[in-house]
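Residue numbers (this note's numbering): 1175 to 1714. Note that CB positions come from ideal geometry on N, CA and C, so glycine has one too. The model shown is predicted, which means the values in this text are computed figures rather than measured ones.
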Ligand code: ADP
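In structure tokens:
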């Protein structure tokens, strides 16, 4: 073999050193308890992350040991994102919206040794403390609460650091992070991210054709840092040296918009429900917030309805629609247009941008209909399968999870999709959410997207309910906008031009709110349970 390049591992430690060396004065801004805004910098993040790494090593952390966080999005969480992997440890972000018994299960399953917890979340920790065995609990006292017995003050812990921390000699395939799936589809499963996967994901995220992040940006980590690395935003900001803004626990649209304006945020990433709240605030109070020119965003985690995409365009926040999952770090596809599509008619362009997009470099995609891969014709549905350098190869300590991977090495996503001739994916549904009516499939996602395009609808979920003749039929559960008068015949008439009549929901139920998962997705399992005994009025 010819001699080629140096063997240089892709690790987060390179990113940490780089940001400390090149961008020490760039601001890191965080909303802290009490809602005040704290200004710190990448120089501080670098120093404190290294201090954390040094002290974790001195406390006996070994390579691959898990350090959990139970924290809101803020600057100390960034230190953990960087400092735990720097020590050779694995950062395990805990979802603070889970129930105590779920958290206990996850902490025990992951065998976490240390926990870093925000003092405002101490009561949550205490609700499962007796069920877990943690060696150290470090309390971040941003609200000034006293440190409970058995816990330590995070500041005092890192203050002991001498500053002469030496990075371990890490292999790029070693573990750096860990996240459990949010359990929408059963028991939470642990996914372990390698340094290499996180670095490559950050490089990909920043690409102009993905989320287009450069050092010039002001980036807000709006998606929770406990959910798939906040979509990849914090590490991408560190890699590029872009100013980073954290909203803390103040996630209502007005607080977020206030911070968009005051920090002149140019990029944020969130699930569509969060963007919907932001759009509604912008529409109801025109001119109240002066957003940064050129602001853009990413929406992913569930399908971005075309009406929301259009609405955010009108407000000057164009979205890139991405698809991914906990198992894929998360981003696999992004929906930016190809150069020649810019000349396409407007409706066609929106149709493409509302798709989940084309795969990133190194990501391979296919849809499988039975044993055959489906053609890229924009119509034939099949299970979406993916492979690539930031796709997990297994679940942590879960041998029975193996069926998720095909025998030829692809991740079976559990999503039904079609791929069009341009290579753009459209997620039709999760397999278990598809409505099987008389031998045909109806996409709940298509119906939901069409229903929320009605100006009087705030949110909608469509679920399968069993039917004596057709096996299953669609039931729409709709949240009207405040003060709006909606009824079944209006909505059926609104949908009729877009669907065959057998695809239309047979009934519409109007409710005040819908159940969501801990990560802001519709909780269809709960709805299916609630409407299990639904009786169809007229059986046709
Ligand atoms: P959970 O499986 O617990 O919801 P994940 O965050 O890993 O946790 O969810 C991944 C799933 O979310 C995907 O398999 C897909 O069903 C859905 N999803 C993610 N992004 C999109 C998107 N842009 N459009 C439609 N569905 C999406």
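(message) Only counting the same chain, and skipping five residues up and downstream in sequence, which positions put a Cβ closer than 6 Å to that of residue 1597?
(response) 1532
(request) Consider the C-beta atom of residue 1586 and the heavy atoms of the ligand ADP; say whether any pair is separated by less than 8 Å. (result) no
(message) Could you check if residue 1620 belongs to the surroundings of the ligand ADP, using beta carbon to heavy atom distance under 8 Å?
(response) no
(request) Please confirm whether any heavy atom of the ligand NAD lies closer than 8 Å to the CB of residue 1470. (result) The model on display carries the ligand ADP but not the ligand NAD.
(message) So for residue 1614, helix, strand or coil by DSSP?
(response) strand
(message) Using C-beta distances below 6 Å, list every residue in its chain close to residue 1250, excluding the 5 sequence neighbours before and after it, in chain order.
(response) 1314
(request) Just the C-alpha distance for residue 1560 and residue 1336, rounded to the nearest angstrom, thanks. (result) 45 Å
(request) Return the Cβ separation of residue 1455 and residue 1492 in integer angstroms, given the expectation that the two are a contact with Cβ distance under 8 Å. (result) Going by Cβ atoms, the distance from residue 1455 to residue 1492 rounds to 18 Å, so no, they are not a contact pair.
(message) Check whether the segment 1595–1615 and the segment 1571–1580 touch, using three or more Cβ-Cβ pairs below 8 Å as the test.
(response) no
(request) Return the residue from the list 1664, 1636, 1656 that minimises the CA-CA distance to residue 1699. (result) 1636
(request) Could you check what DSSP says for residue 1378 in three-state terms: helix, strand or coil? (result) helix
(message) Going by DSSP in three states, residue 1214 sits in which element: helix, strand or coil?
(response) strand
(message) Classify residue 1182: buried if its beta carbon has 16 or more other beta carbons within 10 angstroms, exposed otherwise.
(response) exposed
(request) Measure the C-alpha to C-alpha separation of residue 1394 and residue 1208 and round it to an integer number of angstroms. (result) 19 Å
(request) Grab me the residues of residue 1525's own chain with a C-beta within less than 8 Å of its C-beta, minus the 5 sequence neighbours each way, in chain order. (result) 1480
(request) May I have a chain-ordered list of the alpha helix (DSSP H) segments no shorter than 4 residues that lie completely inside the segment 1617–1693? (result) 1618–1626, 1662–1669
(request) State the CB to CB distance for the pair residue 1351 and residue 1374, rounded to an integer number of angstroms; the pair is presumed to be in contact (CB under 8 Å). (result) About 13 Å; that fails the 8 Å criterion.
(request) Kindly examine the ligand ADP and report whether one of its heavy atoms sits closer than 8 Å to the Cβ of residue 1601. (result) yes
(message) Does the contact criterion of 3 or more C-beta pairs under 8 Å hold for the segment 1373–1387 versus the segment 1196–1212?
(response) no
(request) Mind listing, in chain order, the continuous alpha helix (DSSP H) runs of no fewer than 4 residues lying wholly within the segment 1262–1293? (result) 1274–1284
(request) Check whether the Cβ of residue 1402 sits closer than 8 Å to any heavy atom of the ligand ADP, and report yes or no. (result) yes
(message) Using C-beta distances below 6 Å, list every residue in its chain close to residue 1237, excluding the 5 sequence neighbours before and after it, in chain order.
(response) 1262
(request) Could you name the residues of the same chain whose beta carbon sits closer than 7 Å to that of residue 1379, not counting the 5 residues immediately before and after it, in chain order? (result) 1385, 1387, 1406, 1410, 1505
(message) Restricting to runs no shorter than 4 residues, where is the alpha helix (DSSP H) found entirely within the segment 1516–1603?
(response) 1520–1528
(request) Give the DSSP bridge partners of residue 1208, in chain order. (result) Answer by DSSP bridge pairing: none, since residue 1208 is not bridged.
(message) Using 9 Å as the threshold, is the C-beta distance between residue 1244 and residue 1288 below it?
(response) no
(message) In the DSSP assignment, the alpha helix (DSSP H) including residue 1413 goes from what residue to what residue?
(response) 1407–1414
(request) Could you have a look at residue 1707 and say whether DSSP puts it in helix, strand or coil? (result) coil
(request) Can you have a look at residue 1307 and say buried or exposed, based on whether 16 or more other CB atoms are within 10 angstroms of its CB? (result) exposed
(message) At the level of alpha carbons, what is the spacing between residue 1604 and residue 1222?
(response) 42 Å
(message) With a threshold of 8 Å, are at least 3 pairs of Cβ atoms found where one atom belongs to the segment 1481–1490 and the other to the segment 1692–1712?
(response) no
(request) Can you tell me which of the three DSSP states residue 1200 falls into? (result) coil
(message) For residue 1508, report the span of its alpha helix (DSSP H) as first-last.
(response) First-last for residue 1508: 1505–1508, but that is the beta strand (DSSP E), not the alpha helix (DSSP H).
(message) Please identify the residue among 1365, 1437, 1329 whose C-alpha is closest to the C-alpha of residue 1391.
(response) 1437
(request) Using only alpha-carbon positions, find the residue among 1293, 1298, 1311, 1671 that is nearest to residue 1320. (result) 1293
(request) Could you give the DSSP three-state label for residue 1449: helix, strand or coil? (result) helix
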